[in-house]
Amino acid sequence: MPVDVYIGGAEHAVLHLLYARFWHKFLYDIGVVPTKEPFQKLYNQGMILGTNSEKMSKSRGNVINPDDVIEQYGADTLRLYEMFMGPLDASVAWSENGLEGSRKFLDRVWRLCVDESGKMRDRITTINDGSLTKVYNQTVKKVTEDFENLRFNTGISQLMVFVNEANKVDSLYYDYVAGLVQLLAPVAPHLGEELWAILGNEGGISYVPWPTYDESALQEEQVEVILQINGKVRAKVQASAEASKEDLEELARNNPNIQEHLTDKTIRKVIVVPNKIVNIVAN
């Protein structure tokens, strides 16, 4: 105690949440629990609406039976779709097309890892050629932060980005594939466990430490810098992410387009925002 996060509808404020807080405060007053509140954080989730964007109800005949969805698409597809529908606190209409999309994504993950005979693909190797290093570390960082903050939809979007990039390369680094499976497991646990076993691991995936990312691998080697004169964009150039203010100022001064617009003008001031903007004030 206390519980990390309480997730429930807003109507719980005068129902279960009220009862839970009342009893906990009583227990605190008699000295059997250490905290005044039973929950550290309250989160009100949104509502899944019918396909016509109306609240589901038996009278409207628009209720979706989860058992029917699981029978047709599988439990992982349903779970993934619900987390991908939109922000967790938003009310979103149910969509069969969305279900199809979630199923296709899980199929792509399966085909990425498993061949036609049900074994790990030969192109998954212990040699890292570096082609996926940046996007993998970006994915671990974003999914970790998004899941921690209940932004499941954007975390899943990043998983899709990684899978797209992974399908473009000839060989896949084993550790990155294993990391992908771990990141996917919270929203597709059945598939996660199956792939984890196919990748040659023993024991459940839930007991494995969460993937970590290398901060240095996230650094951009080249960045786009906007060159301005009196606040107006005159050019855009590529520069080293490590370029100093002096280097960026020199780059701007030597740019032909900038030089053309500075004809017959006197430079009064140069404002440099590293990796973003060089603004020359002149008249």
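Going by UniProt numbering, the first residue of the sequence shown is number 1, and it counts up by one from there. Beta carbons are placed, not taken as given, at the ideal position from N, Cα and C, and that holds for glycine.
query, result
"Burial state of K142 (16 or more Cβ within 10 Å)", "buried"
"Range of the contiguous alpha helix (DSSP H) that encloses L251", "K245 to R253"
"One or two residues paired with K104 in a DSSP bridge", "DSSP output for K104 lists no bridge partner at all."
"Own chain partners of S131 with C-beta closer than 6 angstroms, once the 5 adjacent residues on each side are dropped", "V169"
"Reference E215; option with closest CA among F22, D4 and V140", "V140"
"Uninterrupted alpha helix (DSSP H) stretches inside the stretch 91-179 (no shorter than 4 residues)", "96-113, 133-148 and 152-166"
"S57 to W94 span [Cα, whole Å]", "13 angstroms"
"H24 burial status per 10 Å Cβ neighbour count (16 or more: buried)", "buried"
"Rounded C-alpha distance that separates I70 from T77", "8 angstroms"
"Classification of V177 by the beta-carbon crowding that lies within 10 angstroms, buried from 16 upward", "buried"
"When K41, P34, G61 and G31 are compared against V5, the one with the closest alpha-carbon", "K41"
"Burial state of A185, where buried means 16 or more other Cβ atoms lie within 10 Å", "buried"
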